[in-house]
Structures are given as structure tokens and as C-alpha cells.
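Following: one structure in C-alpha cells, then a few remarks.
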Amino acid sequence: MKVGLFQYDISWEDKASSKKRILSILDSNKRSKMDWIIFPEMTLTGFSMDTKKTELDVEDIKFFNSIAKDQSAYVSFGGVMDDRNVVLTVSPDGTLINKYSKVHLFGYGDETSHYKPGDRTEVFEIMGLRVLPSICYDLRFSYQFWDHAVAVDVFFVIASWPKTRSEHWKTLLKARAIENQSYFIGVNRIGVGAKLEYSGDSAVHGPFGEELLNCRDKEGLFVVDISKGEVAKVRREYPFLSDRKK
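Residues 9 to 254 in the working numbering are what the sequence shown lists, from first letter to last.
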């Protein structure tokens with residue numbers, strides 16, 4: 009499966025400008041064939057506490073559905089629905105196949121005062137790969153991934169992770185891949201939002217922890233190949249998960 013990591017400079021609380029930028033980047037990558045495209049957290053606004061601006065409306069949903077149809081790809085994108093920070097995944101025909109609400113809200117950034125937490129995680133499939141979504145701060149809580157490890161081939165996290173803690177981001181992405189013997193995909197933004205700088209560092213690690221892709225601080229759509237067979241191979245050769253204490 010070819011996965012596209014969409015790392016870009018989100019226009020702060022400006023959906024119209026963000027949409028234009030997204031379409032421009034897609035237009036410059038017409039030759040890139042992808043099966044799945046993943047965008048950063050609160051894709052159109054940045055990580056804002058203004059609930060009126062971050063709420064996904066009908067036109068926003070149509071925008072991402074049209075991308076899925078135009079690209080013939082699954083699309084995962086972020087925003088707010090029902091006062092919850094969510095990531096939605098739609099199929100190539102625009103059908104919603106999964107909605108995940110962020111479980112761990114970022115109290116340090118006052119997210120707990122503006123949004124409601126989710127209360128569950130759900131594994132779903134994309135082209136035979138078992139997938140589990142997460143959002144930003146969730147990455148710090150290993151049990152959210154560990155508890156599902158044997159039933160998941162690919163974990164992904166969409167984020168607005170600031171540059172000041174970029175080493176945490178890079179370290180945790182790799183650690184989660186190693187401890188769960190799975191692919192781990194992290195998609196972060198770049199640029200500046202609300203005076204915070206974001207360095208990107210979107211990346212993909214394989215089930216042995218190897219770095220398959222690192223977007224560093226560049227804007228664009230970055231493509232990587234992943235396969236279910238590689239997860240099965242690593243788990244077969246190194247059956248570490250069978251020794252875990254439940």
C-alpha cells in the first residue's frame with residue numbers, strides 16, 4: 009500500500025486559505041499514486057481552541073470527500089465534531105469508515121476546557137491492513153497502543169506537535185513501532201500557529217523500528233510503501249508479543 013503523508017503549513021483558523029494550499033500541493037503531485045492520504049490534526053485550522061472555527065461543517069466534509077474521489081484514495085483528516093477533536097477516515101468513494109475522538113486531551117494547552125474527550129478506540133481495515141488511529145497527545149500514553157498491538161498492523165497519529173518538544177515526538181514514534189512490532193505513522197504540521205512553531209518531522213517507522221520515511225521540515229506530500237506481510241514476518245521471526253503480560 010502506498011501511503012501519502014501530507015505535511016503542510018496550516019493557515020491559522022482560516023479554512024479557505026488552508027483548502028487552497030491543500031489543492032495546490034495536490035496539484036503539484038499529480039503523478040503520485042497513493043492508496044491512502046493522511047493529514048495533520050485539525051487539518052484546516054491548526055490546533056485552535058476556538059470551537060466555532062474548528063468545527064467541521066458540511067462543506068468541509070465535502071472538500072475531503074472530493075479529494076478521496078479525485079485521488080481514488082482513502083483519506084484521513086482532522087477537525088472538530090460535536091465538541092470533540094476527531095480524525096475521520098473516508099473511503100475512495102467518500103464513505104465514512106471510521107471516526108475517532110481524541111481520548112487524551114492536552115490539559116497543558118487548555119484543551120480540556122474547550123473539548124470533550126473520546127472514550128474508545130476502534131480498529132478498522134484499509135486494503136487488508138488493520139489500522140488504529142490516534143491524535144497528537146495520545147502518543148504519550150503507551151497503553152492506548154499496547155492494549156491493541158496483536159490486532160493492529162498500522163498505528164497512525166495526526167498531530168500539531170510543537171518544535172520545542174520535537175525530540176519527544178521523534179522518540180515516541182520510533183518507540184511505539186518497536187514495542188508494538190507494527191508500522192507507526194506520524195503526520196505533523198509545519199509553520200507557525202498562535203505563536204507556536206511546528207517543525208513537522210512527519211515520519212514512518214517499520215515494525216522493527218526502522219525509519220522508512222522522514223519528512224523533516226519540508227512542506228509537501230510524501231509517499232511510502234507499507235505491507236501487511238512485513239508485519240507478519242517481523243512478528244514471526246521475533247515473537248516478542250507472545251511474552252507480554254496482559
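Where is the CB? At the ideal position from N, CA and C, for every residue including glycine.
Bridge partner(s) assigned by DSSP for residue i
i: K10; result: D233
i: R92; result: M89
i: E97; result: The question names Glu, but residue 97 in the sequence shown is Thr. According to DSSP, T97 bridges with S84 and N106.
i: V162; result: V139 and Y191
i: G201; result: L204
i: Q15; result: G228
Own chain partners of residue i with C-beta closer than 7 Å, once the 5 adjacent residues on each side are dropped
i: T120; result: L113
i: T62; result: M50, T53, S56, G87 and V88
i: A159; result: V131 and R138
i: L249; result: A157, V158, Q189 and R243
i: N73; result: V98 and G102
i: G199; result: D17, I18 and Y206
i: H122; result: M57 and T59
i: K171; result: E205, Y206 and S207
i: G126; result: R92, Y108, S109, K110 and V111
i: F216; result: V242
i: W154; result: E187 and N188
Neighbourhood of residue i by C-beta, 6 Å cutoff - its chain only, sequence neighbours within 5 removed
i: S26; result: I18, S19 and L52
i: V243; result: One detail in the question is off: residue 243 reads as Arg in this sequence, not Val. Closer than 6 Å at Cβ, skipping near neighbours: Q189.
i: N222; result: A211
i: L147; result: V165 and L180
i: K124; result: D91 and R92
i: V162; result: L137, V139 and Y191
i: E187; result: none
i: V83; result: I45, F72, I75, A76 and V98
i: M142; result: The amino acid occupying residue 142 in the given sequence is Ser; Met does not appear at that position. Around S142: V165.
i: G12; result: M42, I45, L229 and V231
Segment limits, alpha helix (DSSP H) that includes residue i
i: L181; result: S174 to N188
i: Y151; result: Y151 to W154
Endpoints, beta strand (DSSP E) assigned at residue i
i: M135; result: Segment: none, M135 is in no beta strand (DSSP E) and carries neither H nor E.
i: V212; result: A211 to H213
i: Y123; result: Careful: Y123 lies outside any beta strand (DSSP E) and carries neither H nor E.
i: N196; result: No beta strand (DSSP E) holds N196; DSSP gives it neither H nor E.
i: E219; result: E219 to N222
Beta-carbon contacts of residue i that lie in its chain and below 8 Å, excluding the five residues immediately before and after
i: E218; result: none
i: E133; result: V139
i: M9; result: D43, W44, I134, M135, L137, D233, I234 and S235
Could you tell me which whole alpha helix (DSSP H) segments of length 4 or greater appear in the region 34 to 73?
59 to 62
Check whether the region 177 to 196 touches the region 207 to 221, taking contact to mean three or more Cβ pairs, one atom from each stretch, closer than 8 Å.
yes
Could you tell me whether the region 103 to 113 touches the region 174 to 183, using the rule of 3 or more Cβ pairs below 8 Å?
no
Any chance the region 35 to 43 sits against the region 224 to 232, with 3 or more Cβ pairs inside 8 Å?
yes
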